[in-house]
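Q: Would you mind keeping the following structure in view while I ask a few things?
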Amino acid sequence: MIDDSKPLVPHALPEEVVLQAMSSSMEGLSSQEAQRRLQVYGRNRLPEAPKRSVLVRFLSQFHNVLIYVLIASAIVTAFMQHWVDTGVIVAVVLGNAIVGYLQEGRAEQAMDAIRGMLAPHAAVLRDGRRTSVDAADLVPGDVVLVEAGDRVPADMRLMEARSLKVEEAALTGESVPVDKTSDLVAIDAVLGDRNSMLFSGTLVAAGTGRGVVVATGLATEIGKISGMLEAVETLSTPLVRQMDIFARWLTLFILIVAALLLAYGLAVGHLPFAELFMTIVGLSVAAIPEGLPAVMTITLAVGVQAMARRNAIVRRLPAIETLGSVSVICTDKTGTLTRNEMVVSSLVAAEHVYAVDGDGYSPVGAVRWKEADADPRDHAVLSEFALAASLCNDAVLHAAEGDWRVEGDPMEGALLALAGKITGGGGEPFTTGWKRIDAIPFDAAHRYMAVSHIDDGGRRHVHVKGAPEAVLSLCAGQRMSDGSTGPLDAPYWENMVETLAGEGQRVLAVASSGALDADGRLTQGKLAGTLTLIGLVGLIDPPRPEAIAAVADCHLAGIRVKMITGDHAATARAIAGMIGLKNTERVLTGIDIDLLDDAALALAALDTDIFARTSPAHKLRLVTALQSQGLTVAMTGDGVNDAPALKRADAGIAMGVKGSEAAKEAAELVLADDNFASIAAAVREGRTVYDNIKKVISWTLPTNAGEATTIIVALFVGLALPVTAVQILWINLVTAITLGLALAFEPSEEGTMRRPPRRRDESLLTADLLWHVFLVSVLFAAAVFGVFFYALDKGYSIELARTMAMNTLVVMEIFHLFFIRNIYGTSLTWSAVRGTKVVWICVISVTLAQFAVTYVPFMQPLFGTESVPLFEGLLIFALGWVFFALVEIEKQMRLALRKRA
Ligand code: ATP
Numbered sequence: 001m002i003d004d005s006k007p008l009v010p011h012a013l014p015e016e017v018v019l020q021a022m023s024s025s026m027e028g029l030s031s032q033e034a035q036r037r038l039q040v041y042g043r044n045r046l047p048e049a050p051k052r053s054v055l056v057r058f059l060s061q062f063h064n065v066l067i068y069v070l071i072a073s074a075i076v077t078a079f080m081q082h083w084v085d086t087g088v089i090v091a092v093v094l095g096n097a098i099v100g101y102l103q104e105g106r107a108e109q110a111m112d113a114i115r116g117m118l119a120p121h122a123a124v125l126r127d128g129r130r131t132s133v134d135a136a137d138l139v140p141g142d143v144v145l146v147e148a149g150d151r152v153p154a155d156m157r158l159m160e161a162r163s164l165k166v167e168e169a170a171l172t173g174e175s176v177p178v179d180k181t182s183d184l185v186a187i188d189a190v191l192g193d194r195n196s197m198l199f200s201g202t203l204v205a206a207g208t209g210r211g212v213v214v215a216t217g218l219a220t221e222i223g224k225i226s227g228m229l230e231a232v233e234t235l236s237t238p239l240v241r242q243m244d245i246f247a248r249w250l251t252l253f254i255l256i257v258a259a260l261l262l263a264y265g266l267a268v269g270h271l272p273f274a275e276l277f278m279t280i281v282g283l284s285v286a287a288i289p290e291g292l293p294a295v296m297t298i299t300l301a302v303g304v305q306a307m308a309r310r311n312a313i314v315r316r317l318p319a320i321e322t323l324g325s326v327s328v329i330c331t332d333k334t335g336t337l338t339r340n341e342m343v344v345s346s347l348v349a350a351e352h353v354y355a356v357d358g359d360g361y362s363p364v365g366a367v368r369w370k371e372a373d374a375d376p377r378d379h380a381v382l383s384e385f386a387l388a389a390s391l392c393n394d395a396v397l398h399a400a401e402g403d404w405r406v407e408g409d410p411m412e413g414a415l416l417a418l419a420g421k422i423t424g425g426g427g428e429p430f431t432t433g434w435k436r437i438d439a440i441p442f443d444a445a446h447r448y449m450a451v452s453h454i455d456d457g458g459r460r461h462v463h464v465k466g467a468p469e470a471v472l473s474l475c476a477g478q479r480m481s482d483g484s485t486g487p488l489d490a491p492y493w494e495n496m497v498e499t500l501a502g503e504g505q506r507v508l509a510v511a512s513s514g515a516l517d518a519d520g521r522l523t524q525g526k527l528a529g530t531l532t533l534i535g536l537v538g539l540i541d542p543p544r545p546e547a548i549a550a551v552a553d554c555h556l557a558g559i560r561v562k563m564i565t566g567d568h569a570a571t572a573r574a575i576a577g578m579i580g581l582k583n584t585e586r587v588l589t590g591i592d593i594d595l596l597d598d599a600a601l602a603l604a605a606l607d608t609d610i611f612a613r614t615s616p617a618h619k620l621r622l623v624t625a626l627q628s629q630g631l632t633v634a635m636t637g638d639g640v641n642d643a644p645a646l647k648r649a650d651a652g653i654a655m656g657v658k659g660s661e662a663a664k665e666a667a668e669l670v671l672a673d674d675n676f677a678s679i680a681a682a683v684r685e686g687r688t689v690y691d692n693i694k695k696v697i698s699w700t701l702p703t704n705a706g707e708a709t710t711i712i713v714a715l716f717v718g719l720a721l722p723v724t725a726v727q728i729l730w731i732n733l734v735t736a737i738t739l740g741l742a743l744a745f746e747p748s749e750e751g752t753m754r755r756p757p758r759r760r761d762e763s764l765l766t767a768d769l770l771w772h773v774f775l776v777s778v779l780f781a782a783a784v785f786g787v788f789f790y791a792l793d794k795g796y797s798i799e800l801a802r803t804m805a806m807n808t809l810v811v812m813e814i815f816h817l818f819f820i821r822n823i824y825g826t827s828l829t830w831s832a833v834r835g836t837k838v839v840w841i842c843v844i845s846v847t848l849a850q851f852a853v854t855y856v857p858f859m860q861p862l863f864g865t866e867s868v869p870l871f872e873g874l875l876i877f878a879l880g881w882v883f884f885a886l887v888e889i890e891k892q893m894r895l896a897l898r899k900r901a
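By UniProt numbering, the letter at position 460 of the sequence shown is numbered 460, and the numbering carries on one by one without gaps.
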């Protein structure tokens, strides 16, 4: 058990002492012990910023100009003792607040669930094995491995550090990464100088390290700074904010018009104040789109959930809008377009080429030469392959129920499997006595990894694996089949690299050396010219079938797909062909890109779909180049160095599985399955959300305008009101929470991915929409007045005439909803008429409410209604159809003209 009585100064104590004090060992803790400590020390988490209380959230729903107006009206009507009016107004106010409160809660829940999906993981030794656990489950004493791009999950005393640099700005404000080592530092060193420590919340900028956890959760340095609470993201996007501002100005506009009408009605129309006042209140409620921003937020939340179901996790809400307008997707190859399930299929040595059998990561399979099994005793070079493959490796293979899995890089997993196949040991380690002295971790900039070891006989060895051109440039000779060293035959190797890569294989070169300085330390400079090439390893990483389909979908949707890979040009081209990318003849490599200036690159980038041997800096230039051509760019990335390109892209997309924490934090979207198909799905959802927002607006504004027009016309022309103020309030109460919301849940329209991407700066309030507002207003007013006068003409009472007019308005709103569901295609298809469950629930609710207000005896006196005879009811229904037909025909005329143009 840890002795907590004395405070520990881990940075100033040797690592063995710290390890002992934490009651741990180099092999880490057992799972049981970790579980026990979790109970004692609690989860490794910082408290979240406190949420607003239920009451505050409910009360904030009343903070809205319209609600103020309504509350004032309720007070005025109460003074006038018009209790029914007061009651209805209060019901409208409360109904609005309750619905707003529930909607907001739902949206927040959606975001919380998503946040949970992004919980960071940590690589830790448990029961002596490397495993990945939720970072919140780390406990003091755990031995944790970190690498470039990781967010440090807890405070740790380093036991091993290789080229480790950490950016500690979150803690110390120092933005330049600091070097970390396991050497102890002075006891009085300030936080920023404690180089033997890693602090929770800081970012590993380069290298790898291993340390023992000394503090978790609130006990960490960052936990002690109480101000560093997790920020809570607000549910908003530029579009919602824009609409919010629009709605506010519109409210002001309507209130001024309403005040003018009140003055006009009193001065010119000589109407009684009480009746006029209520009418003006009704008009304001009818005209102000008070619920619009809230419904848009719900639409976004529904979109976020839909994307999460398709494995695309939205980190920043505005990404949803951007995704819908993406016109080019720049994607990684490995793991995104391909499965990242690697298997070694060939080995090329100086004098022989071997084929390797086997499935998955199972370390069992034959290594064949000329169709016969090759015995390592006759082929000494195979043992060298096995040594290099297993030593120059940070991954671990686990056998779980006969299924072999990799912990770490899949390519390294495949190399471990290869070593097992060569030695025939079935995955048993054969380098047990070897001790690693130093390592140069893999980095996409130098493209190789090097390790130095002392073997059980005390001899020193260096092993290197990496991209062939990187490794070849370090080699002076090559291993021959008899074990001797021969001169390097560069043309032979280059030729073999092209051959393997041309088949779509990922090619690695492996090399070794016995020469090493006495200190055994590795530096990049020391390696040059000292290595002997063992040979090439060809790995197969098949394309994902769903990615092939998704690329085709993107092409149909007018979206270009570009592959930006660190792999060899020939491999990239072969895989691009299998995936169905366009322009597979043309490949631009990192070297080519370096030769182009920004203007030339902008042009070249447009016509090129394959970029090979690129480094993260090239990605940044490519994003900028494509953006300069007016394209909206989505870019994927996983490494710590990809962060700038992800930030720069319009939609930065990080890999959830193999991506670093740094990449995820820089991205707008994280793919839970690293799969390209999920990007295409996210674009589709992004388009759907945008469409739905458009539909919500296209339904709300004309409906409001139609209701308002009816009242204004009546006031100006001095006609009797066809719908009373209380009835208008009632309609708003029942439709705003049903019909208004239904569109937020609309599924993608057919053909969503067969349209070209929308322009990024496309305006929501188009001329088309304004025209639609006008048309619907006129049709609504015409129908309502038409029915009203028809009823009066038939000698019905004014109450019945008004009841019929009110029901006409609601029926038209329902038909308008069905019309708006299809803004791109025709609404006259079976699926369009069939609707969705949500639509029907809303329609049935509204219909029931209307039946209640029309026919239930106790409601009739309250709302001034009378039972509508069957024939008149059918007539109203028929009018809905006529309205539907008219707007649909008008839409078809517009679409037809547009097609011709
Ligand atoms: P993508 O960018 O599409 O994911 P990639 O994974 O091939 O492609 P990088 O990770 O930059 O891109 O790798 C570039 C090259 O470096 C690889 O083709 C391979 O030859 C070599 N390489 C990759 N990973 C390692 C590693 N762990 N050790 C040594 N060499 C590596």
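All C-beta atoms, glycine included, are put in the ideal place defined by N, C-alpha and C.
All figures in this text were calculated on a predicted structure; none of them were measured in a lab.
1) Which runs of the alpha helix (DSSP H) at least 4 residues long sit entirely within the region 523–552? Give them in chain order.
2) Considering only the alpha carbon of each residue, which of R316, Y448, K435 and H816 lies closest to E888?
3) What did DSSP end up calling K465 once you bin it into helix, strand or coil?
4) What is the DSSP secondary structure of M159, counted as helix, strand or coil?
5) For the structure I just gave you, are there three or more beta carbon pairs, one from the region 203–211 and one from the region 266–275, closer than 8 Å?
6) Taking just the CA atoms, how far does V717 sit from F789?
7) What is the DSSP secondary structure of M480, counted as helix, strand or coil?
8) Is G105 near Q61, with beta carbons less than 7 Å apart?
9) Buried or exposed for K891, please, with buried defined as at least 16 other CB atoms from any protein chain shown within 10 angstroms of its CB.
10) What do you get for R894, buried or exposed, if any count of 16 or more other CB atoms within 10 angstroms of its CB means buried?
11) Mapping DSSP to helix, strand and coil, what is G175?
12) Using 8 Å for Cβ pairs, my map puts V326 next to T632. What's the rounded Cβ distance?
13) To the nearest angstrom, report how far apart D85 and V726 are at their CA atoms.
14) At a cut-off of 6 Å, is T565 close to ligand 1 when judged by its beta-carbon and the heavy atoms of the ligand?
15) Please determine whether the Cβ atom of F611 lies at a distance below 6 Å from any heavy atom of ligand 1.
16) Determine the direct distance from the alpha carbon of R687 to that of A312, and round the result to whole angstroms.
17) Closest by CA to T423, which one among G580, A445 and A389?
18) Does H121 come out as helix, strand or coil in the three-state DSSP assignment?
19) Rounded to whole angstroms, what's the CA-CA distance from G835 to L418? Just pull it up for me.
20) How would you call A372, buried or exposed, if buried means at least 16 neighbouring beta carbons within 10 angstroms?
21) Between the Cα of W771 and those of T829, V810 and G706, spot the shortest distance and give me the residue it belongs to.
22) Given this structure, state the Cα-to-Cα distance separating K582 from L588, to the nearest angstrom.
23) Please state the DSSP three-state secondary structure of I440.
24) Is there at least one non-hydrogen atom of ligand 1 closer than 6 Å to the beta-carbon of K647?
25) State the Cα-Cα distance for the pair residue 910 and A557, rounded to the nearest angstrom.
26) For the structure I just gave you, are there three or more beta carbon pairs, one from the region 282–297 and one from the region 596–616, closer than 8 Å?
27) Look at A509 and L531 and say whether their C-beta atoms are less than 7 Å apart.
28) Let me know the beta strand (DSSP E) ranges lying completely inside the region 326–411, each 3 residues or longer, listed in chain order.
29) To the nearest angstrom, how far is the alpha carbon of F385 from that of R43?
30) Where does L8 sit, in a helix, a strand or coil, going by DSSP?
31) In the region 76–161, which residue ranges form an unbroken beta strand (DSSP E) of at least 3 residues, counting only runs that do not cross its ends?
32) Are at least three pairs of beta-carbons, each pair with one atom in the region 432–444 and one in the region 158–178, less than 8 Å apart?
33) So, using beta-carbon positions, are A110 and Q305 closer together than 7 Å?
34) How many Å lie between P289 and A263 at the Cα?
35) Give a yes or no on contact between the region 669–681 and the region 543–552, applying the rule of three or more CB pairs nearer than 8 Å.
36) Use the C-beta contact count for V56: other C-beta atoms within 10 angstroms, 16 or more gives buried, fewer gives exposed.
A: The answer reads as follows:
1) DSSP runs (the alpha helix (DSSP H)) wholly in the region 523–552: 524–527.
2) Numbered from its first residue, the sequence shown carries residue 888 at position 888. Here the closest residue by C-alpha is H816.
3) As a position in the sequence shown, residue 465 is number 465, starting the count at 1. K465 sits in a strand when the DSSP states are folded into three classes.
4) Start at 1 with the first residue of the sequence shown, and residue 159 comes out as number 159. Assignment of M159 by DSSP, reduced to helix, strand and coil, places it in the strand class.
5) No, the region 203–211 is not in contact with the region 266–275.
6) As a position in the sequence shown, residue 789 is number 789, starting the count at 1. As a position in the sequence shown, residue 717 is number 717, starting the count at 1. Note on geometry: alpha-carbon atoms of F789 and V717 lie some 14 Å from one another.
7) Numbered from its first residue, the sequence shown carries residue 480 at position 480. The three-state reading of DSSP puts M480 in coil, since its state is none of H, G, I, E or B.
8) Within the sequence shown, numbered from 1, the residue matching residue 105 stands at position 105. Within the sequence shown, numbered from 1, the residue matching residue 61 stands at position 61. Contact: no.
9) For the purposes of this step, residue 891 is identified with residue 891 of the sequence shown, where counting begins at 1. For K891, the number of other beta carbons within 10 angstroms of its own is at least 16, and it is reported as buried.
10) As a first step, residue 894 is located in the sequence shown; it is residue number 894 there, counting from the start. Exposed, since its Cβ has fewer than 16 Cβ neighbours within 10 Å.
11) The residue you call residue 175 lines up with position 175 of the sequence shown. Note that residue 175 is Ser in the sequence shown here, rather than Gly. DSSP, reduced to helix, strand and coil, places S175 outside both helices and strands of the structure shown, so it counts as coil.
12) For the purposes of this step, residue 326 is identified with residue 326 of the sequence shown, where counting begins at 1. For the purposes of this step, residue 632 is identified with residue 632 of the sequence shown, where counting begins at 1. Confirmed, about 5 Å.
13) The residue labelled residue 85 in the question sits at position 85 within the sequence shown. The residue labelled residue 726 in the question sits at position 726 within the sequence shown. Distance between the alpha carbons of D85 and V726: 6 Å.
14) For the purposes of this step, residue 565 is taken as the residue at position 565 of the sequence shown. A distance criterion of 6 Å places the beta-carbon of T565 in contact range of ligand 1, judged by its closest non-hydrogen atom.
15) Here residue 611 is taken as the residue at index 611 of the sequence shown, counted from 1. No - ligand 1 has no heavy atom lying nearer than 6 Å to the Cβ of F611.
16) Position 312 of the sequence shown, counted from the start, is the residue given in the question as residue 312. Position 687 of the sequence shown, counted from the start, is the residue given in the question as residue 687. Between A312 and R687, the C-alpha separation is close to 14 Å.
17) Within the sequence shown, the letter at position 423 stands for residue 423. When only C-alpha atoms are compared, the closest one is A389.
18) By 1-based counting over the sequence shown, the position of residue 121 is 121. Three-state DSSP puts H121 in a strand.
19) In the sequence shown, counting from the first residue as 1, residue 835 sits at position 835. In the sequence shown, counting from the first residue as 1, residue 418 sits at position 418. Cα to Cα, G835 sits roughly 56 Å from L418.
20) Within the sequence shown, the letter at position 372 stands for residue 372. That one is exposed.
21) Position 771 of the sequence shown holds residue 771. The candidate whose alpha carbon is nearest that of W771 is G706.
22) Looking up residue 582 in the sequence shown gives position 582. Looking up residue 588 in the sequence shown gives position 588. Each residue's Cα considered, the two are about 14 Å apart.
23) Translated into the one-based positions of the sequence shown, residue 440 becomes position 440. Strand at I440.
24) Counting from 1 along the sequence shown, the entry for residue 647 is found at position 647. K647: no, Cβ never under 6 Å from ligand 1.
25) Given a span of 1 to 901 for the chain in the structure shown, any question on residue 910 remains unanswerable.
26) No: fewer than three Cβ pairs fall under 8 Å.
27) Working through the sequence shown from its first residue, we reach residue 509 at position 509. Working through the sequence shown from its first residue, we reach residue 531 at position 531. Annotated as distal: A509 and L531, with beta-carbon spacing of 7 Å or more.
28) Within the region 326–411, the complete beta strand (DSSP E) runs of at least 3 residues are 328–331, 343–348, 353–356, 367–369, 396–400 and 403–407.
29) By one-based count along the sequence shown, residue 385 stands at place 385. By one-based count along the sequence shown, residue 43 stands at place 43. Rounded to the nearest angstrom, the two C-alpha atoms are 44 Å apart.
30) Indexing the sequence shown from 1 puts residue 8 at position 8. Coil at L8, not helix or strand.
31) The region 76–161 contains, as complete beta strand (DSSP E) runs of 3+ residues, the segments 121–126, 129–134 and 143–147 (chain order).
32) Segment contact: the region 432–444 against the region 158–178, three or more CB-CB distances shorter than 8 Å; contact assigned.
33) Within the sequence shown, the letter at position 110 stands for residue 110. Within the sequence shown, the letter at position 305 stands for residue 305. Cβ atoms of A110 and Q305: closer than 7 Å.
34) One-based indexing of the sequence shown puts residue 289 at position 289. One-based indexing of the sequence shown puts residue 263 at position 263. Rounded to the nearest angstrom, the gap between the Cα atoms of P289 and A263 is 23 Å.
35) The answer is yes - the region 543–552 touches the region 669–681, with three or more Cβ pairs under 8 Å.
36) Here residue 56 corresponds to residue number 56 of the sequence shown, with the count starting at 1. By the 10 Å Cβ count, V56 comes out exposed.
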